[in-house]
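Chemist:
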Amino acid sequence: MNKPAKTAITPTRQQDYPEWYQQVIKGADLAENSPVRGCMVIKPWGYALWENMQRVLDKMFKDTGHQNAYFPLFIPMSFLEKEAQHVEGFAKECAVVTHHRLEPDGKGGLRPAGPLEEPLIVRPTSETIIGACYAKWIQSYRDLPILINQWANVVRWEMRTRLFLRTAEFLWQEGHTAHATAEEAMEETRKMLEVYADFSERFMAVPVIKGEKTAGERFPGAVITYCIEAMMQDRKALQAGTSHFLGQNFSKAQEIKFQSQSGETEFAWTTSWGVSTRLIGALIMTHADDDGLVLPPRLAPSHVVIMPIYRDDTQRAEVLAYCQKLRRELMLQRLDDQTIRVDIDDRDLRGGEKKWYHVKRGVPIRVEVGPKDIANQAVFMARRDTGESKSVPQVELIATIGAILDDIQNNLLKRATAMRDENTVTITNEQDFRSFFKSESEENSPIHGGFAKCHFASEDAVKPLLDELKVTIRCIPLDGGNTPGKCFLTGQDAAQMAYFAKAY
RNA sequence: CGGAGUGUAGCGCAGUCUGGCUAGCGCACCUGGUUUGGGACCAGGGGGUCGUAGGUUCGAAUCCUAUCACUCCGACCA
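Per my numbering, the first sequence starts with residue 44, numbered consecutively.
1. Mind checking which residues open and close the alpha helix (DSSP H) that includes THR308?
2. Can you tell me which of the three DSSP states GLU411 falls into?
3. Which full runs of the beta strand (DSSP E) of 3+ residues lie inside the region 358 to 425, going along the chain?
4. Can the beta-carbon of PHE301 be found closer than 9 Å to that of ILE490?
5. Mind checking who ASP355 pairs with in its DSSP beta bridge?
6. What distance in whole Å lies between the Cβ atoms of ILE451 and ARG426, which are believed to be in contact at a cut-off of 8 Å?
7. DSSP three-state call for ALA195: helix, strand or coil?
8. Indicate the three-state DSSP secondary structure (helix, strand or coil) for VAL67 in the structure shown.
9. Could you check what DSSP says for GLN302 in three-state terms: helix, strand or coil?
10. Pick helix, strand or coil for PRO155, following the three-state DSSP scheme.
11. Who are the Cβ neighbours of SER554 in its own chain at under 6 Å, not counting the five residues just before and after it?
12. For LEU281, which residues of its own chain have a beta-carbon under 6 Å away from its beta-carbon, when the five flanking residues on both sides are left out?
13. For the region 451 to 512, which segments carrying the alpha helix (DSSP H) assignment without a break, of at least 4 residues, lie completely within its bounds, in sequence order?
14. In terms of residues, what are the limits of the alpha helix (DSSP H) holding PHE293?
15. My parser needs the beta strand (DSSP E) runs of 3 or more residues fully inside the region 49 to 126; what are they?
16. With a 10 Å radius around its C-beta and 16 neighbouring C-beta atoms as the bar for buried, classify ARG377 as buried or exposed.
17. When we look at the beta-carbon of SER434 and count the other beta-carbons within 10 Å, is it buried (16 or more) or exposed?
18. Compute the Euclidean distance between the alpha carbons of PHE494 and GLU502, then round it to the nearest angstrom.
19. Please return the same chain residues whose Cβ sits closer than 8 Å to the Cβ of THR55, not counting the five positions on each side in sequence.
20. Can you look up ASP332 in the DSSP assignment and give me helix, strand or coil?
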């Protein structure tokens, strides 16, 4: 009875972008809302994607000299109080544990009992608890640097949440390092920013702008916050990763001291850096289309799905055998250093239903094999990124599978980069700035704006306008951010240029 | 915390204004059959006590009171 929709996902991006985003997640079965307010359940397909991200990042961290460790979920409240800006930044969004057991309330329910002497907070980030450990571990310059990463969950009691983009609990990694000199800590901060940018472009196929946050957007307690910023298909910016140079702020607050080679007592220089499950949101909003998710092959849980097509049991046996052989041969091929991941979907479902199932989940390549294909020693192959489909000789598919996946990966990056560049403009006056961020015809074009590269005199000077238009300064790009020019708003001389955009 | 809204089957909803047979519909699910290079069709079937508590009434999903939860819009944000 259901007429085949023109698109697998309704509404389309153009019709209602936020709703489209939710529907893509639902269609791909990545995650869902949980009974717990603001917290999501990450389903197997979404978690497999996260595991692939973890695997790649973890190797990159280890290749740059880091080790993994694990620190407690709970942080004594007094720890958080030590760094003034840090307190201010996080106090409002912390979950607090005040009791350590439950007792019957006499009405068939339970009530908290056993109040804690000092409340514990559920970590919103671990600078303070890890810093406390570092203070104990570090005595001498010989103990430095300490280069540790932790894979963990954190909790930030956000007012409004959206799957993957902002949830009360989220998964992430947080690197925390301590160094003997400012130079070394700076180098570390920049190195990890590069790692994130590299990961984003090479694996996620998401092009990013590397830059520095302005004072107003800085991490609470940091001296410098670097970030990578990506443009989503609705032309809003999404911060995809951050790397902070914390100077001696935390080491002074937490007494992370060491004796230098010359015998003097000095405070260590620390850094922290992190990316989260938000990256999955970035992936969706960069590549997915009106038929659902589109996965970059380097992170896809499954590269190829083979759909056997048959009419009866005799055919079934023949086709399945052929598919299994094809699968084995494909799995001998490689994409970079990875084995090709191939699944056979022989569930008892109708062909159309099965096809759309995999389209919505974003599997890069779909292969269909029926009796006719076997007779021709061919397979029918469809690419998720372009929608292109054709019959190819089986031997050709096996020989070129790695190259095809590589081509899909490159195509996604190329497409996303073109989209971003088309919507990035240099703006030199208020009039143009306003019209860029205000939809020309609001009813017809929910998607508008983009990245505006503008010189600006100071953060304070532009703030009222930004608030009015709901635009934020994303970053001062490392590439070209310090060239002098005229402030787009005041006309004054300006030493810096920044990317401005609406943001998530 | 301020404003608005919603809680009825796994999901999406109708019924509530104007109280009245056994609480309906679509999708999904199960069974049988016909189909099968594309999100099928026919027939049959299972599943809810209407967010929770109290009240009014011969009678409450429907009226009243309280309460809880969630969603959206703001302030806050990886």
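All C-beta atoms, glycine included, are put in the ideal place defined by N, C-alpha and C. The structure displayed is predicted, hence computed values, not measured ones.
Modeler: This is what the structure gives:
1. For THR308, no alpha helix (DSSP H) run applies; the uninterrupted beta strand (DSSP E) run containing it begins and ends at 308 to 310, by DSSP.
2. Here GLU411 sits in strand by DSSP.
3. Those beta strand (DSSP E) runs which fall completely within the region 358 to 425 and span 3+ residues are 385 to 387 and 408 to 412.
4. No.
5. According to DSSP, which records beta bridges pairwise, ASP355 is partnered with nothing at all.
6. Between ARG426 and ILE451, the beta carbon gap of about 6 Å places them in contact (Cβ cut-off 8 Å).
7. DSSP places ALA195 in strand when its eight states are reduced to three.
8. If DSSP states are grouped into helix, strand and coil, VAL67 belongs with the helices.
9. Looking at GLN302 - three-state DSSP - the assignment turns out to be strand.
10. Three-state result, PRO155: strand.
11. Limits of the chain in this structure are 44 at one end and 547 at the other, which puts residue 554 out of reach.
12. Excluding residues within five positions, the ones whose Cβ falls inside 6 Å are ALA273, MET275, ALA325 and TYR547.
13. With a minimum length of 4 residues, the unbroken runs of alpha helix (DSSP H) contained wholly in the region 451 to 512 fall at 473 to 480 and 502 to 512.
14. Annotation: the continuous alpha helix (DSSP H) that includes PHE293 extends over 292 to 297.
15. If you keep only unbroken beta strand (DSSP E) runs of at least 3 residues inside the region 49 to 126, you get 74 to 76, 83 to 85 and 117 to 119.
16. Looking at its Cβ environment, which holds fewer than 16 other Cβ atoms inside 10 Å, ARG377 is exposed.
17. Exposed, by the Cβ-count rule.
18. PHE494 and GLU502: Cα-Cα distance of roughly 17 Å.
19. The beta carbon of THR55 lies closer than 8 Å to those of TRP63 and ASP333 in the same chain, with the five residues before and after it left out.
20. Reduced to three states, the DSSP call for ASP332 is strand.
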